[in-house]
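The structure under discussion appears below in the form of structure tokens.
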Amino acid sequence: MQVTIPDNVKELIAKRGLKESDVLDVVNTAAQTNHYLKKGTDGLAKKVIGDLTVYALCDLSGQGTAVVKSAYAHKMKLGKIVNVMGESEWKSVDKGHAIATGHVEIEYMTVKRNGPALVCPACNEAWVEEYLATKTLAAAEGLFEAKRA
Ligand SMILES: [Zn+2]
């Protein structure tokens, strides 16, 4: 798998305080294990790296190549699936599971809440979409850290 990160995405990665090497690690691990989600020609992979869960969204339309379209991360830990709401267009590549929309336990600094996520009930696994990770979770993480400080 040849992985490319366009300059504008490199800027986004830096702006979000992420490391390019971590994003490449996410994509390469997904390519090796086949454990990622696919919707059309988009692929979504995640990996826990240190205290972050790092996500990479890639364009997989080229043969043997992945072009990173976006990357994001959250510090919160994802727990049990709370409920399943409906279908999503995502499928898991390794097992062919249909991925649902639903809610998952989200834990941060001992506080547990439920938040929306993409979920695979068969694997008890969840993925947080970009808009949630970059808006909702980032705001919540900021609040918790402000309170603690
Ligand atoms: Zn699954």
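Be aware that the sequence shown starts at 442, since it is given in this note's numbering, and climbs by one per residue.
All residues carry an ideal CB built from backbone N, CA and C; glycine is no exception.
When you compare each of the options to residue i by their alpha carbons, which one comes out closest?
{"i": "Glu461", "options": "Lys510, Ala580, Thr482, Thr577", "result": "Lys510"}
{"i": "Ile446", "options": "Val508, Gly537, Trp531", "result": "Val508"}
{"i": "Val523", "options": "Lys487, Ala541, Glu530", "result": "Ala541"}
{"i": "Gly458", "options": "Ala512, Ala486, Val444", "result": "Ala512"}
{"i": "Leu573", "options": "Glu566, Thr551, Val545, Met550", "result": "Val545"}
{"i": "Ala579", "options": "Leu493, Val525, Ser529, Leu501", "result": "Leu493"}
{"i": "Val464", "options": "Asn475, Thr474, Asp448, Lys488", "result": "Lys488"}
{"i": "Val525", "options": "Gly583, Thr577, Gly556", "result": "Gly556"}
{"i": "Ala471", "options": "Leu501, Asn449, Asp448", "result": "Leu501"}
{"i": "Val534", "options": "Gln473, Asn449, Gly583, Glu582", "result": "Gln473"}
{"i": "Glu530", "options": "Asp466, Leu559, Ala587", "result": "Leu559"}
{"i": "Lys516", "options": "Gly503, Asp448, Gly583, Asn469", "result": "Gly583"}
{"i": "Lys536", "options": "Val468, Val569, Asn475, Asn449", "result": "Asn475"}
Any idea which residues DSSP pairs residue i with across the strands?
{"i": "Leu493", "result": "Ile490"}
{"i": "Thr445", "result": "Val508"}
{"i": "Lys480", "result": "Asp483"}
{"i": "Asp500", "result": "Asp483, Val508"}
Near residue i, which residues of its chain fall below 6 Å by C-beta distance, leaving aside the five closest residues on each side in sequence?
{"i": "Glu548", "result": "Lys518, Gly520"}
{"i": "Leu498", "result": "Leu485, Lys510, Ser511"}
{"i": "Lys553", "result": "Glu546"}
{"i": "Ile490", "result": "Asp463"}
Skipping 5 residues on each side, what residues in its chain have a beta carbon closer than 7 Å to that of residue i?
{"i": "Gly527", "result": "Ala541, Thr542"}
{"i": "Thr575", "result": "Tyr513"}
{"i": "Asp466", "result": "Lys488, Ile490"}
{"i": "Gln567", "result": "The sequence shown places Ala at residue 567, rather than the Gln named in the question. Cβ neighbours of Ala567 beyond the five flanking positions: Leu519, Ile522, Val545, Ala558, Leu559, Val560."}
Excluding the 5 residues preceding and the 5 following residue i in the sequence, name in chain order all residues of the same chain whose CB lies nearer than 8 Å to its CB.
{"i": "Thr506", "result": "Met442, Gln443, Val444, Thr445"}
{"i": "His538", "result": "Lys532, Cys561, Ala563, Cys564"}
{"i": "Glu571", "result": "Tyr496, Leu498, Ser511, Tyr513"}
{"i": "Phe585", "result": "Tyr549, Met550, Val552"}
{"i": "Tyr577", "result": "Reading off the sequence shown, one finds Thr at residue 577, where the question assumed Tyr. Correct list, in chain order: Gly556."}
*Would you mind listing the beta strand (DSSP E) stretches within the segment 509-578 that are 3+ residues and don't spill past its ends, in chain order?*
518-533, 539-549, 552-561, 566-568
_Three CB pairs or more closer than 8 Å across the segment 468-479 and the segment 452-460_ = no
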